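Here's the structure we're looking at; comments come further down.
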């Protein structure tokens, strides 16, 4: 009787397609509304998508590994008494072996219909490409209440299923979930399994890039092509920040916040960015755009790629606020719960090439920013202080900067400021 | 107290202003001995004499030209067009002279040009038109279109007292069909202020003139279906009460623009543009227009019936818009 079409959601303004990376339910499984149903990967983020309705997963129309336009119907949820699907058994394939060739790579966010994957069955073509019909008023109300209109899919009572003022107001009255809809708390706490050994079926194995991989690849090459990269290296004595960390750790933990060294570096960078606004700028044609907000992106390594969630207004936060924000963003990045908002508007980035023991790396600038700071591993070293040899925890920091707008002297002054902040941390 | 018709309300308004202010006088075709084609000036010749109630030759251009001259010399003329259709003969006097005097040399032209407009009385193409938009398009003029007896009286008095040229379109279909009890005091209806004729929540009908009554009739029928119309009577088209329109649209989020005038270049188009510019994010459906089609007003009664917007059109469009 009642069937709900599950659509590929639009996860951000410029996103036109998404890849189903994993089905969390099998055909015939019972699902609850808001229960995670599948995982998707888009150019911007990877995330879990909750079920829009309760019922039985009647049909899966888009297989793992397949990329479809937003609003494409990817599955049907029925009421469980529905007729058995007619002779179209869906075999699920593990993503690693995805035989479905993904869409040929090209600049990702292109408007217009993306070419449908060749060799697909007809389902994808038959799938509706319909947008959710609403009105200017409904869109404004949705925006004001942080409602993703996709969550009203199928609920519109207007002509052609249009979502009307009455629909959205009654939806809000019934306690609409904000974007993204909250999901039942589940902790995917198992340790990430080591990547399975590659299974070869021939001399080589050809695996299409994921949407995220493609986006990273493109962004990296674009950055190299855009900026005149230069990297400067600094050594910083971490004695004081480690002492401060030790002192404050317990107190932070009582408030449920884990204190690492990262927030110290974020705060030092924010202080230096205030003094050297050019490092917090970007270049638009012949114009240097200075930004008042200091939004610092933190590169988070994920099993399946890399993402840079942004601490908004880092310049206005204290150490506790920064630590809390870093905890939250890192946690949500790993649980695929970031929203498009979380990865937007960064003005400077910090990355951590030393986390597996590397001395330091020379990062690539995260466009359109003009500088990125790398943190090496902290290691005790013998250093000479006042002609005496001392043992000190030392970190190497790198700053890759865009020489089009920042000269070496400015970059070094900036890093000297970061160093001064860290080495003189009040304990 | 007795009920006053729309046409009697206009007569009373002019009468009262003539009693109060000796600068006020009436000129037009058959306004004196005959008392006006629709009897708006009946009895005035006897009361005020032939110096103040002037029968003129059949020349609208001459009537308005003389009125402008008198106004510039300090008088307050009220010029009657026997049918509003014939105002086109005075188009140049009104639009090129009266409308521009204040702009060019600071001289106000306090004339009123009034006449019966509108269809529904089988008057044919020369006696049924709604020519308001020619004048709404002319900066320097004021244009009013009363829908009730109260407004007919209040607006003619306001028009006579106004320091600038006012074009006063009275709807001949309403002359003797609309009656109401009027207060006995000396009231005016301010030019440029709309009136809410019915408060509602589902959609707004913005209209004026005879169509106010079509909308009210439709609202009664729609009420039974649970569709709640708000009806906004503009009363004045130039200047018009933009704030009242926007306030109502922002409240109900849907709007029907209704007028008896033809479609292209009608007031509904202007309103639609303003609503779209200033209240777009409050719209829960398309802006709908109900107007006469773009043809002359037909003489044939069945064709005229088809031509004129009516309550059933409002009911149909309101249902569609409600479901949208």
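Residue numbers (our numbering), protein chains in the order written: chain H, 68 to 494; chain Y, 27 to 350.
Backbone N, C-alpha and C fix where the C-beta goes; we use that ideal spot for every residue, glycine too.
The structure displayed is predicted, hence computed values, not measured ones.
As computed with DSSP, residue 301 of chain H is found in a beta bridge with H:464.
Annotated as proximal: residue 253 of chain Y and residue 345 of chain Y, with beta-carbon spacing under 9 Å. Below the 7 Å Cβ cutoff, chain H contributes 202, 203, 204 as neighbours of residue 309 of chain Y, in chain order. Using beta-carbon distances, residue 298 of chain Y does not count as an interface residue toward chain H, since no partner is under 9 Å. Here DSSP, grouped into helix, strand and coil, assigns residue 327 of chain Y to helix. By the criterion of a C-beta distance shorter than 7 Å, residue 427 of chain H is surrounded in its chain by 300, 420, 421, 441, 443, 463, 465, once the five residues flanking it on both sides are discounted. Residue 215 of chain H: not part of any alpha helix (DSSP H); DSSP gives it neither H nor E. Annotation for residue 172 of chain Y: no alpha helix (DSSP H) segment contains it, and DSSP assigns it neither H nor E. Around the beta-carbon of residue 30 of chain Y, 16 or more other beta-carbon atoms lie within 10 Å, marking it buried. Measuring C-alpha to C-alpha distances from residue 82 of chain H to each of H:321, H:137, H:389 identifies H:137 as the nearest. In this structure, residue 198 of chain Y keeps its C-beta atom at 9 Å or more from the C-beta atom of residue 132 of chain Y.
For residue 164 of chain Y, the CB contacts under 6 Å within the same chain, skipping 5 residues up- and downstream, are 121, 125 in chain order. Looking only at H:374, H:132, H:90, H:447, the smallest Cα-Cα distance to residue 405 of chain H is reached by H:374. Listed in chain order, the non-local C-beta contacts of residue 291 of chain Y below 7 Å within the same chain comprise 159, local neighbours out to five positions each way being set aside. Every beta strand (DSSP E) stretch that sits fully inside the stretch 294–349 of chain Y and reaches 3 residues is listed by chain position as 314–318. Cβ atoms of residue 102 of chain H and residue 89 of chain H stay farther apart than 8 Å, at about 14 Å. CA-to-CA, the gap between residue 71 of chain Y and residue 53 of chain Y works out to about 11 Å. Taking all protein chains shown into account, residue 216 of chain Y has fewer than 16 neighbouring C-beta atoms within 10 Å of its C-beta and is therefore exposed. In the three-state reduction of the DSSP assignment, residue 159 of chain Y falls in the helix class, which pools H, G and I. Among the CB atoms of chain H, none fall inside 9 Å of the CB of residue 60 of chain Y. DSSP, reduced to helix, strand and coil, places residue 308 of chain H within a helical segment of the structure shown.
For residue 199 of chain H, no CB of chain Y lies under 9 Å from its own CB, so it is not counted at the interface with that chain. A Cβ-Cβ contact shorter than 9 Å links residue 148 of chain Y with residue 330 of chain Y.
At a cut-off of 9 Å, the C-beta of residue 232 of chain H has a neighbouring C-beta in chain Y. Uninterrupted beta strand (DSSP E) stretches at least 3 residues long and entirely within the stretch 76–129 of chain Y occur at 79–81, 102–106, given in chain order.
At least 9 Å separates the CB of residue 228 of chain H from every CB of chain Y. DSSP, read as helix, strand or coil, puts residue 339 of chain H in helix. Closer than 9 Å at the C-beta level to chain Y, one finds no residue of the stretch 113–138 of chain H. The beta-carbon of residue 221 of chain H is placed no less than 9 Å from the nearest beta-carbon of chain Y. Residue pairing for residue 51 of chain Y: DSSP places it in a beta bridge opposite Y:103. Around residue 95 of chain H, no beta-carbon contact reaches into chain Y at under 7 Å, the shortest distance being about 38 Å. Of all residues in the stretch 51–85 of chain Y, none places a beta-carbon less than 7 Å from a beta-carbon of chain H. Listed along chain H, the residues sitting closer than 7 Å to residue 306 of chain Y by beta-carbon distance are 203.
A straight line joining the alpha-carbon of residue 280 of chain Y with that of residue 260 of chain Y spans about 17 Å. Annotation for residue 41 of chain Y: the continuous alpha helix (DSSP H) segment containing it runs 32–46. Residues of chain Y whose Cβ lies closer than 9 Å to the Cβ of residue 225 of chain H are, in chain order, 310, 311, 349, 350.
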